[in-house]
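All remarks here apply to the structure that follows.
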Amino acid sequence: MMSVGMSVCDDIHLLELYEDTRISLSLSLSCLLLFVGVTTKPALVTLKQSTGMNLDVIDATAEALPLEMLNKVNKELTAQLSRNEAQLEEKARGIDDQKKRLQFMKEHLGNVRAEIVNTQSLVESKRRELMSEENMRKLMERECGRLQQKKTELERDEEGLRDKMTSLQNQIFQGNLKIEELKEAMDFNQEELEQWDEARRQKEEDELAIAQYSKQDEAKLKQMQLTIDKLIKKVAQEQKQLDEEILATQHTQVELDRCADEYRKIHEDRGGLLDEWENVVRTIADRDNAIQVAAQQYAEGTAWVQQREDMKRELQKELDDANEETQVINYTIEERERQAQQYRDAIPPVAQQVQEIEDEVSAMRERVARALRDKRSLLTQLQDMKENLVRRAAELVAIEKRREEAASRLDGEMDAAADMQLQTELITQLLADADKTSKNLEKDIEQLKKQQFSSNQGLAKVRESQNTLLAHISGAQAQGKNLAAKVNQLDSESFTQQGVLYNIEFSVQQMEKRVNRAKGERTEDERRELHEKINLLQSTHDELEQQYKVLDQQVKRVREELRRSKMDMEKLEGTKARAAERIMTINLEVGHSEQEMRKLEQQREDELVQIGTIELQLSRLKRQLQQKSERLVDLEQRKAQLAADVQERETEIAVHQSMLKMEAKLAEEERRALQSELQERLRSLKAIRNRHEVLVGRMDPAQARLSQAQLVIASAKEREDLQYRGDSLDTRIKRMEKEILKLEKTISVIKASNSNYKQKFAKVSEGDEAVADQEDPASQI
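The numbering used here numbers the first residue of the sequence shown as 93 and each following residue consecutively.
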């Protein structure tokens with residue numbers, strides 16, 4: 093609060109000390125008022141009203157004072173004030189930024205709440221969809237169970253029919269074997285003519301056996317016919333039931349197809365809703381990202397603007413400091429130039445005085461002895477005056493200590509003051525103390541002036557005597573030497589000042605260049621280089637913008653192609669799934685066809701075996717017929733021979749002729765009987781076949797001309813058709829189960845995303861990582 097850099101020297105005038113003290117008190121009072129005005133404006137108004145001082149002028153003067161004229165405390169206060177203002181501006185900017193962020197978060201919260209409502213509605217629709225799909229799945233499971241049960245019953249009935257058909261085929265085959273055995277039993281061997289008698293004797297037995305066997309065969313045929321009729325009726329009944337089951341299965345299949353079409357349609361609609369929901373969620377996420385990017389860019393732009401403003405203030409401050417330094421340097425240069433000019437003007441008279449003094453040196457040497465005595469007496473007086481000056485200086489130091497105590501008391505009172513009235517009274521008291529101190533100082537100064545005047549008078553007398561003695565003797569010579577040294581010193585100082593002046597001018601030019609560069613002024617080369625850089629950067633910026641546009645278009649095109657590719661992939665996957673189903677169906681058909689082919693080959697082999705058997709039987713019959721024909725030819729030849737022998741030996745064979753004729757007649761009758769029996773058997777077989785065809789025609793007119801093997805093949809085909817339909821139903825059921833699993837996975841994914849989404853709105857603790865991450869940007873701001 094006292095004067096800055098004040099030092100007391102022995103050769104400083106007391107009046108100059110008084111002026112410095114008054115200036116220091118004025119500056120201290122101005123700084124104090126400035127501090128009070130900055131911290132408490134109402135106190136300054138109260139002080140203005142109480143004292144009537146023009147504090148506005150003092151405040152403006154204090155604000156306009158340079159830092160070089162302020163003491164350490166005021167510099168610290170000014171720096172603290174600048175820091176407080178900078179912090180205030182930074183806090184204001186932070187408050188504005190927080191308000192903007194709060195508004196942005198409110199808008200984002202509204203969007204999030206709307207998204208929550210949409211998500212809840214979508215979840216509700218998905219829940220209803222899952223319930224409907226669950227009900228549909230249960231219905232399909234019950235329907236599949238019923239169809240599986242019917243399929244099992246049909247397979248069981250089909251197995252029973254297959255067993256019955258096998259037993260019938262076995263019975264027919266046994267009947268055929270028995271017929272063959274009967275046919276073989278009817279064959280007889282007539283190799284020798286000597287057995288005709290035995291054959292005749294056995295004829296009756298054979299006829300009885302044949303009649304018995306015929307009766308047995310007829311009874312068995314009737315029984316078999318009745319069994320066949322019963323089986324045909326049962327087959328017709330089973331066929332009717334099978335047709336009814338097939339019709340019911342077809343109706344069920346139609347209903348299942350219709351339900352499947354409706355389910356696919358509903359599933360596609362729900363899939364479309366899911367796709368729309370995913371697109372909406374993706375759009376919201378993109379908008380959130382865009383909003384975050386925009387907020388980040390806005391924060392970066394705000395920081396950049398703030399940085400530019402801070403840089404601008406710093407440059408303006410540096411410019412003001414440079415201007416102040418320039419003014420101080422100019423003032424110093426002018427002052428040094430004036431001093432140098434004064435020194436230059438003082439050199440000629442001093443040189444003339446030196447010449448005059450050198451002329452008077454020889455005359456003054458004679459007065460040295462007397463001057464020495466006078467000098468001793470004057471030295472004693474001068475010592476007394478110096479002691480007096482030391483005493484006065486001690487008194488001045490005591491006064492300064494009292495002022496420092498008053499200043500410290502002022503600081504203590506200022507710190508202890510609680511309201512503005514106490515500060516006003518304290519300032520008034522300080523002003524009164526300062527006035528008293530100034531009055532006391534003025535009194536002391538008046539006394540000192542009087543003492544100085546008296547001492548000056550005595551000193552003048554002493555100096556007169558000294559001038560008459562010392563100055564005329566050795567003083568003139570010493571003065572000449574001193575003046576010569578002073579001239580040399582002034583010359584060296586002039587050279588030094590010229591160097592300093594040159595350095596100052598160079599520094600001024602540098603400061604002007606810095607100021608011009610701070611203002612934006614540049615040389616032509618620098619401007620040309622800057623323009624070239626600006627043009628290059630502008631062209632680079634244009635190229636980058638063009639590349640950005642091209643890349644943006646390419647990104648859009650790639651996204652569109654990606655979307656189309658995804659759609660094509662989905663279509664291809666659908667086509668692939670349908671093709672896989674078609675391939676599976678074709679594979680099943682191929683398998684069934686291969687099975688049918690194997691069955692047809694087996695049937696063909698069986699038919700070939702039957703044809704071979706029939707051909708063998710036909711060849712055997714032909715051989716038998718040929719043997720009988722040969723036998724007949726032999727018999728005719730032997731008859732002719734016998735007739736010749738009879739004619740030759742009529743007498744010898746007369747007895748045997750009638751017997752031979754009888755035997756021939758019997759053989760012919762037997763042959764005719766066998767032929768008639770064969771024809772009758774063929775007619776009965778044809779009748780049985782016709783009757784079988786009639787019965788089959790009654791059952792199914794389309795199968796009237798089919799054989800038994802063909803009927804077996806037809807039933808096998810129907811069984812394969814039923815098997816194929818059952819397999820197709822199984823595949824559809826498995827596919828529906830897979831779709832249900834996919835839907836369950838989709839529901840689990842949606843539930844997981846909903847849980848994650850709910851966790852975002854859950855309350856978090858103070859030690860959570862998300863809170864720490866959010867607090868870091870705030871601390872940085």
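For every residue, glycine included, the Cβ atom is placed at its ideal position computed from N, Cα and C.
Inclusion of Tyr355 and Met228 in the CB contact set at 8 angstroms is warranted, their separation being smaller than that value. Under the three-state reduction of DSSP, Asn163 is assigned to coil, being neither helix nor strand. The alpha-carbon separation between Glu182 and Glu199 amounts to approximately 26 angstroms.
The criterion of a C-beta distance shorter than 8 angstroms is not satisfied by Met676 and Thr838. The beta carbons of Ile780 and Gln695 sit no closer together than 8 angstroms.
Annotation for Leu774: no residue places its beta carbon closer than 8 angstroms to its own, counting only its chain and skipping 5 residues before and after. With contacts defined by Cβ atoms closer than 8 angstroms, Arg811 and Glu337 do not form a contacting pair. It is roughly 21 angstroms from the alpha-carbon of Ile383 to the alpha-carbon of Ile187. A distance below 8 angstroms separates the beta carbons of Thr211 and Asn846. Spatial neighbours of Lys326 in its own chain (CB-CB distance under 8 angstroms, excluding positions within 5 residues in sequence) are listed in chain order as Lys256.
Counting the other CB atoms within 10 Å of its CB gives Ile706 a total below 16, which places it among the exposed residues.
Linking Asn679 to Met689 through their CA atoms gives a straight-line distance of about 15 angstroms. Going by beta carbons, Leu323 and Leu260 fall inside the 8 angstroms limit. A residue is called buried when at least 16 other Cβ atoms come within 10 angstroms of its Cβ; Ile320 meets this threshold and is buried.
By the beta-carbon neighbour count (other beta carbons within 10 angstroms, threshold 16), Leu654 is exposed. Counting the other CB atoms within 10 Å of its CB gives Thr170 a total of 16 or more, which places it among the buried residues. Residue environment analysis places Lys218 among the buried positions, since at least 16 neighbouring C-beta atoms fall within 10 angstroms of its C-beta. Taking the C-beta atoms as reference points, Ala765 is found no nearer than 8 angstroms to Lys691. Rounded to whole angstroms, the Cβ separation of Arg185 and Gln431 is 51 angstroms, and the two are not in contact under 8 angstroms. Val682 and Glu673 have their C-alpha atoms some 14 angstroms from each other. Here the alpha carbon of Lys357 sits roughly 25 angstroms from the alpha carbon of Arg238. By the neighbour-count definition (other C-beta atoms within 10 Å, threshold 16), Glu225 is a buried residue. Contact check for Thr244 against Arg817 fails: the beta carbons are separated by 8 angstroms or more. The C-beta of Leu814 has 16 or more other C-beta atoms within 10 Å across all chains shown, which makes the residue buried. Between Cys351 and Ile825, the gap from beta carbon to beta carbon reaches 8 angstroms or more. The residue among Arg379, Lys192 and Leu821 with its C-alpha nearest the C-alpha of Asp349 is Leu821.
The distance from the Cβ of Leu222 to that of Leu835 is about 7 angstroms, consistent with a contact at the 8 angstroms cut-off. Around the CB of Asn166, 16 or more other CB atoms lie within 10 Å, so the residue is classed as buried. Distance between Arg763 and His684, taken at the CA atoms: about 54 angstroms.
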